[in-house]
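K.L.:
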Amino acid sequence: MKLMNFDALTDFAEHLPDEGEPVAIGRWINGRIISVLASPEIENSHHVATGVSVVPAGSSTPWHHHEAEEIAVIVAGAGEIEIDGVVFPVRAGDVVLTPPDLPHQTRAGAESALAVFWVYSPAGSEVRWLSENPVEDQR
Numbered sequence: 135m136k137l138m139n140f141d142a143l144t145d146f147a148e149h150l151p152d153e154g155e156p157v158a159i160g161r162w163i164n165g166r167i168i169s170v171l172a173s174p175e176i177e178n179s180h181h182v183a184t185g186v187s188v189v190p191a192g193s194s195t196p197w198h199h200h201e202a203e204e205i206a207v208i209v210a211g212a213g214e215i216e217i218d219g220v221v222f223p224v225r226a227g228d229v230v231l232t233p234p235d236l237p238h239q240t241r242a243g244a245e246s247a248l249a250v251f252w253v254y255s256p257a258g259s260e261v262r263w264l265s266e267n268p269v270e271d272q273r
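In terms of the numbering used here, the sequence shown is residues 135 to 273.
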């Protein structure tokens with residue numbers, strides 16, 4: 135099953151609408167755009183969750199943690215991911231692994247939005263974004 139084309143995500147990241155405006159991919163949650171592409175909750179996977187996040191230029195995710203291990207593939211842009219006090223500079227093509235339950239934050243550089251394809255294993259941590267009133271941390 136095809137979930138997404140990275141070229142389309144890159145184009146989208148280069149032309150972000152203002153926060154609160156309707157978006158073609160996902161929805162605005164806590165200052166970034168998030169789209170869950172696969173999850174047992176939406177009945178198109180069994181044990182893994184995947185999705186994309188786009189953090190606007192100069193912005194960051196809130197600090198958060200979750201039970202799942204997270205693999206982040208940087209699709210477009212540049213910035214940094216801080217995991218438990220260690221900062222990892224990232225740019226398109228990089229892959230970062232965040233261990234379970236460690237506090238982390240993703241920050242986009244000042245020049246461009248940061249587009250990330252992410253994978254959670256086990257699935258479950260993405261559920262917080264599927265509700266009508268999404269929350270940042272599942273705990």
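From the three backbone atoms N, C-alpha and C, an ideal C-beta is built for every residue, glycine too.
(1) Here's the rule: buried if 16 or more other CB atoms are within 10 angstroms of the residue's CB, otherwise exposed. What is A158?
(2) Using only alpha-carbon positions, find the residue among Q239, P256 and E260 that is nearest to H181.
(3) Where does V157 fall in DSSP's three states?
(4) List, from N- to C-terminal side, the beta strand (DSSP E) runs of 3 residues or more that fit wholly inside the segment 207-263.
(5) Taking the alpha carbon of A191 as the reference point, which residue from G213, A226 and E203 has its own alpha carbon closest?
(6) In the DSSP assignment, find the beta strand (DSSP E) that holds L171 and state where it starts and stops.
(7) Given a cut-off of 7 Å on the beta-carbon distance, is the pair P196 and D218 in contact?
(8) Between the segment 163-173 and the segment 219-232, do three or more beta carbon pairs fall short of 8 Å?
(9) Over what stretch of residues does the beta strand (DSSP E) that includes A183 continue unbroken?
(10) In the DSSP assignment, what are the bridge partners of E203?
P.N.:
The short version:
(1) Taking all protein chains shown into account, A158 has fewer than 16 neighbouring C-beta atoms within 10 Å of its C-beta and is therefore exposed.
(2) Nearest of Q239, P256 and E260 to H181, Cα basis: P256.
(3) DSSP, read as helix, strand or coil, puts V157 in coil.
(4) Segments of the beta strand (DSSP E) lying fully in the segment 207-263: 212-217, 220-225, 229-232, 238-242 and 248-255.
(5) Of G213, A226 and E203, the residue nearest in Cα terms is G213.
(6) In the DSSP assignment, L171 falls within the unbroken beta strand (DSSP E) covering R166 to A172.
(7) Not closer than 7 Å, so no.
(8) Under the 8 Å Cβ criterion, the segment 163-173 does not count as touching the segment 219-232, having fewer than three qualifying pairs.
(9) A183 to V189 is the extent of the beta strand (DSSP E) around A183.
(10) Residue pairing of E203 in beta bridges, as defined by DSSP: S255.
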